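The structure appears below as structure tokens.
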Amino acid sequence: MDVMQRFSKAMFIPVLILPIAGLLIAIGNIFTNPNLLEVVPFLDNPYTVGFGTIISGSLVTILQNLGIIFCVGIAVGLADNKKGEAGFTAMLAFLVFINAMNKFMELNGTLADPEALRGTGQSVVLGVQVLDMGVFAGILLGVIIAYVFNKYADIEFNNAFNIYGGTRFAFIILIPVVVIFAIVMTYIWPFFQSGINSLGGWIQHAGNFGLFVYGALERLLIPTGLHHLVYTPFLYSSLGGTEVIGEAVFEGSRNIYYAEMVEPSIRQLSESVIWDARGISKMFGLIGACLAMYVTADPDKKQRAKAILIPAAFTSFIAGVTEPIEFSFMFIAPILYVVHAALSGLSMVVLNIFNVRSIGPNGFIDFLLMNVPLGIEKTGWPMYILVGLVFFVIYFVVFRLLIKMMDLKTIGRETEGAETRLYSKKDYLDKQTNLSHEDDVDVATQERGSIGVTVVELLGGKDNIESVTNCYSRLRTVLKDPELVDEAGLKNETQASGVVVKGNNVQVVYGVQVGSIRKSVDEVLGFSSKD
1 MDVMQRFSKA
11 MFIPVLILPI
21 AGLLIAIGNI
31 FTNPNLLEVV
41 PFLDNPYTVG
51 FGTIISGSLV
61 TILQNLGIIF
71 CVGIAVGLAD
81 NKKGEAGFTA
91 MLAFLVFINA
101 MNKFMELNGT
111 LADPEALRGT
121 GQSVVLGVQV
131 LDMGVFAGIL
141 LGVIIAYVFN
151 KYADIEFNNA
161 FNIYGGTRFA
171 FIILIPVVVI
181 FAIVMTYIWP
191 FFQSGINSLG
201 GWIQHAGNFG
211 LFVYGALERL
221 LIPTGLHHLV
231 YTPFLYSSLG
241 GTEVIGEAVF
251 EGSRNIYYAE
261 MVEPSIRQLS
271 ESVIWDARGI
281 SKMFGLIGAC
291 LAMYVTADPD
301 KKQRAKAILI
311 PAAFTSFIAG
321 VTEPIEFSFM
331 FIAPILYVVH
341 AALSGLSMVV
351 LNIFNVRSIG
361 PNGFIDFLLM
371 NVPLGIEKTG
381 WPMYILVGLV
391 FFVIYFVVFR
401 LLIKMMDLKT
411 IGRETEGAET
421 RLYSKKDYLD
431 KQTNLSHEDD
441 VDVATQERGS
451 IGVTVVELLG
461 GKDNIESVTN
471 CYSRLRTVLK
481 DPELVDEAGL
491 KNETQASGVV
501 VKGNNVQVVY
511 GVQVGSIRKS
521 VDEVLGFSSK
531 D
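With the UniProt record's numbering, the residue at position 215 of the sequence shown is 215, and numbering never jumps.
Below is the structure:
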């Protein structure tokens with residue numbers, strides 16, 4: 001679990017860059033969108049159109065070079081220390097890899113005609129013709145590079161060879177490793193390529209059932225913190241579809257979406273692509289769930305329930321942060337979480353039936369910036385909102401019915417003496433294993449001046465913390481004794497939305513401010529050298 005969580009966190013480094021590129025492409029598209037130019041004629045001039053063309057055209061290259069982006073990002077994320085040098089080493093190793101593969105394929109006579117690469121399973125990466133491994137090349141290389149780098153980057157020599165010690169020695173070791181890996185891939189990757197294409201074909205041929213499984217599974221894995229391992233391949237590899245746009249081949253639903261944003265000749269986004277429509281449950285469904293919990297709350301607890309549910313619903317709608325609500329499902333009513341996952345998958349099916357090609361995985365702001373500039377004809381975004389409103393009603397009706405019928409103790413319906421609050425995954429695990437934990441909040445923590453000091457002490461002190469990392473919304477730690485964690489203190493004194501415990505891995509959900517909290521914690525622990 002620790003290894004998988006480290007890998008999951010490392011994946012966020014490259015993944016979180018792509019929405020930035022996508023949003024800037026959308027801004028560029030505002031100035032080049034012919035539909036918009038017809039409505040706003042004053043934008044139709046060489047200066048604004050040229051600006052939009054430069055912005056969108058310069059950023060599309062990011063989508064066409066995901067291999068090196070993921071390679072460097074994952075190597076940096078998995079490196080134990082010297083992360084900057086790990087990234088530089090990864091870039092060098094990636095160049096060695098593509099050139100080694102190209103030369104070996106040239107010697108074998110397996111290079112296809114560079115003028116007719118379409119359908120050959122080969123592509124040009126950074127000007128070098130190689131097997132089309134897409135984002136998987138970057139992921140696999142990133143893991144290999146990080147492993148070798150962590151193993152050899154601290155080795156130093158006390159003789160004339162000391163100049164070749166440290167990170168330089170790690171690169172020396174990587175050269176034969178990467179060359180051998182490139183040669184091996186020329187033999188075995190075609191089999192993987194065939195399997196990937198078959199799986200993508202199965203999902204596409206499975207139609208709405210495949211979409212339902214994809215959407216439901218992505219939600220069901222939220223409690224483990226590994227849910228993005230499900231959707232990433234569909235967003236950035238051929239599993240999500242393949243499309244030829246202009247002169248380039250794009251793989252993955254998100255990449256195709258961004259690429260089609262800047263192609264004015266395309267009137268409607270491709271129907272053959274597995275689109276990522278997770279935003280329906282985040283922007284509309286969970287608000288209906290929160291409303292259902294509010295209206296079913298006991299009269300004397302409604303105000304307290306409202307104070308908890310409104311911020312949670314707002315955060316889910318605006319920023320797509322759903323953990324506080326979803327963890328509560330896991331604790332107080334697992335059946336609600338299963339229903340939530342099923343409805344999330346169903347929402348994707350409904351959007352596909354209506355041929356809606358809008359996306360909104362990170363809340364309403366992202367939805368507006370990514371879809372409205374493209375126009376209704378391409379995305380069908382008004383239907384997306386209409387479907388979202390329908391699912392808001394479905395969530396509300398189904399959740400209200402289940403809460404009433406099964407007498408579920410949701411927020412505001414707790415038994416006498418129970419606390420009205422959002423719950424964490426650890427609460428759920430404690431209930432399942434019949435463990436009782438008493439909250440022991442140290443009043444003295446109210447006088448602590450530093451958020452880092454507070455977090456460290458509530459996690460059991462410096463000696464209890466082995467490592468600290470973070471992803472988009474969670475502070476991820478490995479502790480010697482997770483029983484020393486003061487969950488109530490983390491929630492009450494540091495405004496944590498939830499606490500997740502899996503073995504010695506403890507995750508504290510803070511949302512978008514997690515970066516500053518991580519930095520403060522590192523300063524207290526003396527981990528700043530590992531950033």
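Even glycine gets a Cβ: it sits at the ideal position worked out from N, Cα and C. Computed from a prediction, not measured in an experiment: that's the story for all the values here.
By the C-beta criterion, the stretch 460 to 476 is judged to be in contact with the stretch 508 to 517, since at least 3 inter-stretch pairs fall below 8 Å.
Val-130 has its alpha-carbon roughly 21 Å from the corresponding atom of Thr-89. Here DSSP, grouped into helix, strand and coil, assigns Lys-502 to strand. The count of Cβ pairs closer than 8 Å, one atom from the stretch 161 to 180 and one from the stretch 108 to 121, stays below three, leaving the stretches out of contact. Comparing C-alpha distances from Ile-451 to each of Arg-518, Thr-53 and Met-293 shows the shortest one belongs to Arg-518. Straight through space, the alpha carbons of Ala-137 and Gly-215 are spaced by roughly 26 Å. Boundaries of the beta strand (DSSP E) around Ala-248: 248 to 251. Taking the Cα positions, Lys-83 is about 14 Å away from Leu-92.
Considering only Val-356, Asn-158, Thr-477 and Glu-457, the residue with the shortest C-alpha distance to Val-499 is Thr-477. Around the beta-carbon of Glu-38, fewer than 16 other beta-carbon atoms lie within 10 Å, marking it exposed. Cα atoms of Gly-279 and Leu-126: separation of roughly 34 Å, rounded to the nearest angstrom. Looking at the backbone, the Cα of Val-485 and that of Ala-305 are separated by about 26 Å.
Annotation: Arg-254 to Gly-461 spans about 42 Å, alpha carbon to alpha carbon. For Val-130, DSSP records a beta bridge to Ser-123. Cα atoms of Ile-62 and Leu-24: separation of roughly 12 Å, rounded to the nearest angstrom.
Glu-247 counts as exposed, since fewer than 16 other C-beta atoms from the protein chains shown sit within 10 angstroms of its C-beta.
By the criterion of at least three beta-carbon pairs nearer than 8 Å, the stretch 293 to 308 is in contact with the stretch 394 to 414. Distance from the Cα of Val-456 is smallest, within the candidate group Asp-407, Ile-180 and Leu-525, for Leu-525. Between Val-338 and Asn-362, the alpha-carbon positions lie close to 22 Å from each other.
As far as DSSP is concerned, Thr-48 takes part in no beta bridge. The alpha helix (DSSP H) runs of length 4 or more contained entirely in the UniProt domain "PTS EIIB type-1" (449 to 531) are, from start to end of the chain, 451 to 458, 487 to 493 and 514 to 525.
When the beta-carbon positions are compared, Ala-341 and Arg-219 come within less than 9 Å of each other. Each residue's CA atom was taken as its position, placing Tyr-236 and Phe-31 some 26 Å apart. Secondary structure of Ile-318 (DSSP, three-state): helix. Inclusion of Tyr-147 and Leu-78 in the CB contact set at 9 Å is warranted, their separation being smaller than that value. For Phe-391, the closest of Phe-367, Ser-358 and Met-348 by C-alpha to C-alpha distance is Met-348. Here the C-alpha atom of Ala-182 lies approximately 20 Å from the C-alpha atom of Gly-73. Bounds of the beta strand (DSSP E) holding Ile-245 are 242 to 245. About 5 Å separates the beta carbons of Ser-316 and Lys-282, which is inside the 8 Å limit, making them a contact pair.
Judged by beta-carbon spacing, Gly-388 lies beyond the 9 Å limit of Phe-354, meaning their Cβ atoms are not closer than that value. When C-alpha distances from Val-76 are compared across Gly-57, Pro-14, Asp-132 and Ala-307, the shortest belongs to Pro-14.
Cβ contact annotation for Phe-364 (same chain, cutoff 7 Å, sequence separation greater than five): Met-283, Phe-317 and Ile-318, in chain order.
The beta carbons of Phe-104 and Val-178 sit no closer together than 9 Å. In this structure, Leu-459 sits away from Glu-493, with a CB-CB distance that is not shorter than 9 Å.
Assigned with DSSP and collapsed to three states, Leu-291 falls in helix.
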